[in-house]
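Asks:
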Amino acid sequence: MKSVDERYAELIRRSLAGDGDSTVLAEARALGADLDEQGVPRASMEEIHAGALRRLSEIAPDVSLAEVAPHAAEIMLEVGRAYEAARHRRRSDAARDDDVASGFSDDDFLA
Numbered sequence: 037m038k039s040v041d042e043r044y045a046e047l048i049r050r051s052l053a054g055d056g057d058s059t060v061l062a063e064a065r066a067l068g069a070d071l072d073e074q075g076v077p078r079a080s081m082e083e084i085h086a087g088a089l090r091r092l093s094e095i096a097p098d099v100s101l102a103e104v105a106p107h108a109a110e111i112m113l114e115v116g117r118a119y120e121a122a123r124h125r126r127r128s129d130a131a132r133d134d135d136v137a138s139g140f141s142d143d144d145f146l147a
């Protein structure tokens, strides 16, 4: 199984190569959701982004920063958005479960 850095760097590399933008972005969103599911703390996201760029520099050393930057930014945004959305969903689900366990329902708040 590929490491997070490898998956992330591969997404940036594929974006650079123009390998199906919608597919690459969907995979970036899946990676973000996976990171939340794995319990990766928000504080680790910066290091994950940096690790992916380091890994990309190893697998594509001839690519300039000017070429990489827009693709890396797009992938980073998609990963981050999906991570935050998954995190928000998880917290909302947990709060709803707490309400149900406490005997509250949505109807209690609509009255």
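Counting from 37, one number per residue, gives the positions in the sequence shown under this note's numbering.
Even for Gly, the Cβ is constructed at its ideal location relative to N, Cα and C.
1) Taking the Cβ atom as the reference point for each residue, do residue 45 and residue 88 lie within a distance shorter than 8 Å?
2) In whole angstroms, what is the alpha-carbon distance linking residue 48 and residue 108?
3) What did DSSP end up calling residue 66 once you bin it into helix, strand or coil?
4) Which one of 65, 40, 120 has the shortest CA to CA distance from residue 83?
5) I'd like the list of long-range same chain contacts for residue 110, defined as Cβ closer than 7 Å, with 5 residues on each side in sequence excluded.
6) Whole angstroms are fine: how far does the CA of residue 101 sit from the CA of residue 81?
7) Report the option in 70, 104, 79, 77 whose CA atom is closest to the CA atom of residue 38.
8) For residue 125, which option in 86, 105, 68 has the closest C-alpha, if you only look at C-alpha atoms?
Replies: The answer reads as follows:
1) Yes.
2) Looking at the backbone, the Cα of residue 48 and that of residue 108 are separated by about 6 Å.
3) It is helical.
4) Out of 65, 40, 120, 40 has the C-alpha closest to the C-alpha of residue 83.
5) Cβ neighbours of residue 110 beyond the five flanking positions: 51.
6) When rounded, the distance between both Cα atoms is 20 Å.
7) Shortest Cα-Cα distance from residue 38 to any of 70, 104, 79, 77 involves 70.
8) Nearest to residue 125 by alpha-carbon distance, out of 86, 105, 68, is 68.
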